[in-house]
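For the sequence shown, position 36 (counting from the first letter as 1) is numbered 47 according to the numbering used here, and the numbering increases by one without interruption. All remarks here apply to the structure that follows.
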Amino acid sequence: MTRRLALVGLGPGDPELVTAQAARVLNEVDFFLVADKTEQHPGTADLIAMRETICDRHVTGEWRIVHVPDPERDRADPADYGAAVRDWHEARAVAFEEALLEHPGDAAILVWGDPALYDSAIRLADRIVERGNADVAVEVIPGLSSVQLLAARHGLVLNTIGGPITITTGRRLLDDAAEGDNLVVMLDGSLTCRSLPDPSAWRIWWGANLGSSDEQLVSGRLDEVADEIEARRAQARAARGWVMDTYLLRRRVSGAQEA
Ligand SMILES: C[S@@+](CC[C@H](N)C(=O)[O-])C[C@H]1O[C@@H](n2cnc3c(N)ncnc32)[C@H](O)[C@@H]1O
12 MTRRLALVGL
22 GPGDPELVTA
32 QAARVLNEVD
42 FFLVADKTEQ
52 HPGTADLIAM
62 RETICDRHVT
72 GEWRIVHVPD
82 PERDRADPAD
92 YGAAVRDWHE
102 ARAVAFEEAL
112 LEHPGDAAIL
122 VWGDPALYDS
132 AIRLADRIVE
142 RGNADVAVEV
152 IPGLSSVQLL
162 AARHGLVLNT
172 IGGPITITTG
182 RRLLDDAAEG
192 DNLVVMLDGS
202 LTCRSLPDPS
212 AWRIWWGANL
222 GSSDEQLVSG
232 RLDEVADEIE
242 ARRAQARAAR
252 GWVMDTYLLR
262 RRVSGAQEA
């Protein structure tokens, strides 16, 4: 019999930001699946604990999480980044498939933020379906993304009037900033914006550990606030053992408009 495999976006950490639909689906399935990276990155235990807090808050009755150990990603050859990620996705699909075959019933993968934004759950589920060993019907339940929470916390409209937004990663920022003037940056482990050629030409709205009790927010001209962001980033990491940050960079039009 075909089983449900729901990819449930839980939002960026705050239990109040879980949608009613996500809460309903969490109550309908038999168990939850999470990718467990604690062996490689012990600090991520906290991210699993935050998912557990969300389940406690929204699931009536007992619930069960099946931890799927995350395979190690080969980072030895950064030149072949795409191939390394593909191999890792395949190993993950096999690991999740094994968990599904071992545990009967309907399942939900607990996804951080929204499943459609820099998350591998949808590709993972597609691959599980393609492999054909686990008979599952996949459904995607959207969640609030960290980008939306960043915008809300700063009271910010992400786009300029009628203008485009580039959503990119720390790895691509220096190239993308040469082309665009309004960029959201995610997955940036080292505050790459500090390496932009002319920091005084940019304004930044930065947020770390959004939705948690030690959330950090800073905004201002990049050259003026970069040191403070660096310090707050270190503070957020010290508080929890991990830091996740997202920021919007917008090229300044003129000094007068920045006042
Ligand atoms: C693997 S991506 C997951 C994004 C997620 N699917 C979303 O919709 O927000 C992880 C990146 O999202 C951003 N992120 C996720 N949660 C965050 C949070 N609570 N505060 C700030 N940034 C966050 C960071 O840029 C982090 O490096």
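Where is the CB? At the ideal position from N, CA and C, for every residue including glycine.
Please classify residue i: is it buried, with 16 or more other beta-carbons within 10 angstroms of its beta-carbon, or exposed?
{"i": "residue 195", "result": "buried"}
{"i": "residue 52", "result": "exposed"}
{"i": "residue 220", "result": "buried"}
{"i": "residue 172", "result": "exposed"}
{"i": "residue 125", "result": "buried"}
{"i": "residue 104", "result": "buried"}
{"i": "residue 245", "result": "exposed"}
{"i": "residue 64", "result": "exposed"}
{"i": "residue 264", "result": "exposed"}
{"i": "residue 17", "result": "buried"}
{"i": "residue 12", "result": "exposed"}
{"i": "residue 34", "result": "buried"}
{"i": "residue 135", "result": "buried"}
{"i": "residue 242", "result": "exposed"}
{"i": "residue 112", "result": "exposed"}
{"i": "residue 259", "result": "buried"}
{"i": "residue 188", "result": "buried"}
{"i": "residue 167", "result": "exposed"}
{"i": "residue 237", "result": "buried"}
{"i": "residue 267", "result": "Unreliable positioning characterises residue 267 in this predicted model, as indicated by a pLDDT of 43, which lies under 50. A coordinate reading is not provided."}
Since residue i and residue j should fall inside the 8 Å C-beta cutoff, what is the C-beta to C-beta distance between them, to a whole number of angstroms?
{"i": "residue 257", "j": "residue 157", "result": "5 Å"}
{"i": "residue 169", "j": "residue 162", "result": "5 Å"}
{"i": "residue 213", "j": "residue 233", "result": "4 Å"}
{"i": "residue 14", "j": "residue 150", "result": "With a Cβ gap of about 11 Å, residue 14 and residue 150 do not count as contacting."}
{"i": "residue 198", "j": "residue 92", "result": "Actually they are not in contact, since the Cβ atoms of residue 198 and residue 92 sit about 13 Å apart, beyond 8 Å."}
{"i": "residue 240", "j": "residue 229", "result": "5 Å"}
{"i": "residue 40", "j": "residue 146", "result": "Contact flag wrong, Cβ pair sits at about 15 Å."}
{"i": "residue 181", "j": "residue 201", "result": "7 Å"}
{"i": "residue 193", "j": "residue 261", "result": "5 Å"}
{"i": "residue 47", "j": "residue 81", "result": "6 Å"}
{"i": "residue 26", "j": "residue 68", "result": "4 Å"}
{"i": "residue 122", "j": "residue 132", "result": "5 Å"}
{"i": "residue 56", "j": "residue 49", "result": "5 Å"}
Nearer than 8 Å: is that true of the beta carbon of residue i relative to any heavy atom of ligand 3?
{"i": "residue 219", "result": "Although ligand 3 was asked about, the structure shown includes only ligand 1 as ligands."}
Just to confirm, is the Cβ distance from residue i to residue j under 9 Å?
{"i": "residue 22", "j": "residue 154", "result": "yes"}
{"i": "residue 44", "j": "residue 148", "result": "no"}
{"i": "residue 79", "j": "residue 107", "result": "yes"}
{"i": "residue 77", "j": "residue 42", "result": "yes"}
{"i": "residue 28", "j": "residue 222", "result": "yes"}
{"i": "residue 191", "j": "residue 175", "result": "yes"}
{"i": "residue 24", "j": "residue 252", "result": "no"}
{"i": "residue 94", "j": "residue 84", "result": "no"}
{"i": "residue 247", "j": "residue 227", "result": "yes"}
{"i": "residue 152", "j": "residue 36", "result": "yes"}
{"i": "residue 211", "j": "residue 185", "result": "no"}
Name the one or two DSSP bridge partners that residue i has.
{"i": "residue 47", "result": "80"}
{"i": "residue 197", "result": "180"}
{"i": "residue 227", "result": "219"}
{"i": "residue 150", "result": "17"}
{"i": "residue 257", "result": "218"}
{"i": "residue 232", "result": "214"}
{"i": "residue 262", "result": "213"}
{"i": "residue 22", "result": "124"}
{"i": "residue 118", "result": "16 and 42"}
Kindly say whether residue i, judged by its beta-carbon, lies nearer than 9 Å to any beta-carbon of chain C.
{"i": "residue 16", "result": "Structure shown: chain C not included; a single protein chain is present."}
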